[in-house]
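Visitor: Taking the UniProt record's numbering, the leading residue of the sequence shown gets 1, the next gets one more, and so forth.
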Amino acid sequence: MTPGSQHAPLFALVQDTLRRRILTGHYQQGERLVEGDIALEMGVSRIPVREALRALASAGLVRIEPRRGASVTSLSREHAHDIVEVRATLEALNARLAAERRDAPQMAALDSAIRAGQAAIECGDMPALLEQNRRFHDLLGGASSNAVLQDLMRSLRDRTALLFSRNHSARATQIWQEHAGILGAVKAGDPELASMLASRHVHHAAQWYFERGAPARRA
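(1) Taking the alpha carbon of T173 as the point to measure from, which residue in A147, L129, R67 has its own alpha carbon closest?
(2) Mapping DSSP to helix, strand and coil, what is R63?
(3) For G25, does the count of other Cβ atoms within 10 angstroms reach 16, so buried, or fall short, so exposed?
(4) What did DSSP end up calling V72 once you bin it into helix, strand or coil?
(5) Relative to the C-alpha of L13, which residue among V44, I121, D111 is closest?
(6) For S199, does the three-state DSSP call read helix, strand or coil?
(7) With DSSP collapsed to three states, give me the class of R46.
(8) How about the stretch 131-149 and the stretch 94-101: do they share at least three Cβ pairs that are nearer than 8 Å?
(9) Taking only the alpha-carbon atoms, compute the straight-line gap between R32 and L152 and give it to the nearest angstrom.
(10) If you draw a straight line from the alpha carbon of V186 to that of H203, how long is it in whole angstroms?
(11) To the nearest angstrom, how far is it from the Cα of D82 to the Cα of W208?
(12) On the CB-based measure, 16 or more other CB atoms within 10 Å of its CB, does P48 come out buried or exposed?
(13) How many Å lie between G181 and D37 at the Cα?
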């Protein structure tokens, strides 16, 4: 067994914990992630922490620099605009295809995600809301029945989540209303409306982010 495989379960646990902390705002953009401190806090060696940080760097959530170590990725306005352009285009296409290719079990699962997200909002449970947000987009992606499109969206998912996650608590109700509107258009078989609402959803989130001051320097 290789050193990497020996630490695989622990590495996955550390990665999931760090990812959740980044996306819920526990760690802020630009904040240093000190390998030794994290290892001490979690009661693990540095090896799974180092592997987790490398995986998060590959996903775009963490930046690792020589002699400085790891820190949470800080998105400049330029980089954020680039992400928004691509994400809005992909989400619009995804919603269009979902409206054209939907089936009843997929729609029932999406209805369930909407209900669970609303319950999380009412309870003030933001980690649960983030999870339901991820579930909603995963299910909507499945409804589009396009594996290549899903691969492209998955490659952007964490970086997009880094951009938008901090506005979930402030905009939770609006976000979920927009999700419900997208789902309504998909269920009605209206690809034009579904596409427009999905694109608008991304741009609304981006507008909120930019109005509150994205970092000025390019990541």
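All C-beta atoms in this analysis are idealised placements derived from N, C-alpha and C, irrespective of residue type, glycine included.
The structure presented is a predicted model; accordingly, all values stated were derived computationally and were not measured.
Guide: Looking at the coordinates:
(1) Of A147, L129, R67, the smallest CA-CA separation from T173 is found for L129.
(2) Annotated three-state conformation of R63 is strand, per DSSP.
(3) In this structure G25 is exposed. Its beta-carbon is surrounded by fewer than 16 other beta-carbon atoms within 10 angstroms.
(4) Note: V72 maps to strand in three-state DSSP.
(5) It is V44.
(6) S199 falls in the helix class under three-state DSSP.
(7) R46: helix per DSSP, three-state reduction.
(8) Put simply, the stretch 131-149 touches the stretch 94-101. At least three CB pairs are less than 8 Å apart.
(9) Their Cα atoms are separated by approximately 29 Å.
(10) Rounded to whole angstroms, V186 to H203 spans 19 Å at the Cα level.
(11) Taking the Cα positions, D82 is about 16 Å away from W208.
(12) Counting other Cβ atoms within 10 Å of its Cβ, P48 reaches 16 or more and is therefore classed as buried.
(13) When rounded, the distance between both Cα atoms is 44 Å.
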